[in-house]
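In what follows, a structure is listed as structure tokens, so that the remarks can point back to it.
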Amino acid sequence: MKISDSPKVFISHASEDKDRFVIDFATKLRSNGVDAWVDQWELNVGDNLVDKIFEHGIQKASVFIVVISKYSIVKPWVKEELNAAFIKRIETNAKILPIVIDSEIEVPEILKNTVWEKINNLTNYEDNLKNILDNGTIKTDRT
Numbered sequence: 021m022k023i024s025d026s027p028k029v030f031i032s033h034a035s036e037d038k039d040r041f042v043i044d045f046a047t048k049l050r051s052n053g054v055d056a057w058v059d060q061w062e063l064n065v066g067d068n069l070v071d072k073i074f075e076h077g078i079q080k081a082s083v084f085i086v087v088i089s090k091y092s093i094v095k096p097w098v099k100e101e102l103n104a105a106f107i108k109r110i111e112t113n114a115k116i117l118p119i120v121i122d123s124e125i126e127v128p129e130i131l132k133n134t135v136w137e138k139i140n141n142l143t144n145y146e147d148n149l150k151n152i153l154d155n156g157t158i159k160t161d162r163t
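Going letter by letter, the sequence shown gives residues 21 to 163 in this note's numbering.
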């Protein structure tokens, strides 16, 4: 499967979570046939942030992953991306998949009626990844 034919997934996260989880997670998604959109890979110098994130990233994604952490729950950008994802879910039935990576935080109210994936070990989460890929939320050749 070419990456252009792959399911498109937008990953919303706090910058503090990029090195500790997001890049490794997105790389693993890509190695499993998922076109994971991460700002670090998609934004170039001079790009319009709003256009690239909302029109190219979120708008083209069939699944919106939000990484819930002690950092992301206070980030205005993550909140705005999540708001846009809810509008997309209403309009197109896009999926929203919260992934909780910090145990000491409470999931935001807006996501309490959504089943989320809890990752307890950020260095060994193969079972979580398998669950995410195999539960049908992200359609790949594996499902």
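Even for Gly, the Cβ is constructed at its ideal location relative to N, Cα and C.
- request: For the stretch 21-77, list the beta strand (DSSP E) runs that are entirely contained and at least 3 residues long, ordered along the chain.
  value: DSSP runs (the beta strand (DSSP E)) wholly in the stretch 21-77: 28-32, 55-57.
Beta-carbon within less than 7 Å of VAL127's beta-carbon, same chain only, minus the 5 sequence neighbours each way: which residues are those?
Here residue 127 is taken as the residue at index 107 of the sequence shown, counted from 1. Same-chain partners within the cutoff: ILE88, PRO118, VAL120, TRP136.
Note to self: Which residue wins for smallest C-alpha separation from SER123, given the options ASN141, ALA114, GLY77, TYR145?
What the structure shows: Position 103 of the sequence shown holds residue 123. In this structure, ASN141 is the residue among ASN141, ALA114, GLY77, TYR145 with its C-alpha nearest to the C-alpha of SER123.
**Prompt:** Taking C-beta to C-beta, are ILE43 and VAL86 nearer than 8 Å?
**Reply:** Translated into the one-based positions of the sequence shown, residue 43 becomes position 23. Translated into the one-based positions of the sequence shown, residue 86 becomes position 66. Taking a C-beta distance under 8 Å as the contact criterion, ILE43 and VAL86 do not qualify as a contact pair.
- Task: Take GLN60 and list the residues in its own chain whose beta-carbon comes closer than 8 Å to its own, dropping the five residues that flank it on each side.
- Result: By 1-based counting over the sequence shown, the position of residue 60 is 40. Only LYS38, ILE43 meet the Cβ criterion.
Give a yes or no on contact between the stretch 68-81 and the stretch 44-53, applying the rule of three or more CB pairs nearer than 8 Å.
Flag = no, the stretch 68-81 and the stretch 44-53 do not touch.
| query | Hey, ARG84 and ALA56: beta-carbon distance below 8 Å or not? | reply | Within the sequence shown, residue 84 is the residue found at index 64, counting from 1. Within the sequence shown, residue 56 is the residue found at index 36, counting from 1. Correcting the residue type first, residue 84 is Phe in the shown sequence and not Arg. The criterion of a C-beta distance shorter than 8 Å is not satisfied by PHE84 and ALA56.
| task | Could you say which of LYS132, LYS90, GLN79, ASN52 lies nearest to ILE152 if we only look at CA atoms? | result | Position 132 of the sequence shown, counting from 1, holds the residue named residue 152. Nearest of LYS132, LYS90, GLN79, ASN52 to ILE152, Cα basis: ASN52.
Practice problem: My understanding is that ALA34 touches ALA81, with C-beta atoms under 8 Å, so please give their C-beta distance in whole angstroms. | Solution: Reading the sequence shown from its first residue, position 14 is the one you call residue 34. Reading the sequence shown from its first residue, position 61 is the one you call residue 81. Actually they do not touch by this definition, with Cβ atoms about 18 Å apart.
- Message: Along the chain, where does the alpha helix (DSSP H) containing LEU117 start, and where does it finish?
- Response: As a first step, residue 117 must be located in the sequence shown, where it is residue number 97. Annotation: LEU117 is outside any alpha helix (DSSP H); the continuous beta strand (DSSP E) that includes it extends over 115-120.
Can you give me the C-alpha to C-alpha distance between SER92 and LYS150, rounded to a whole angstrom? To locate residue 92, count along the sequence shown from 1; it is residue 72. To locate residue 150, count along the sequence shown from 1; it is residue 130. Using only the alpha carbons, I get a separation of about 24 Å.
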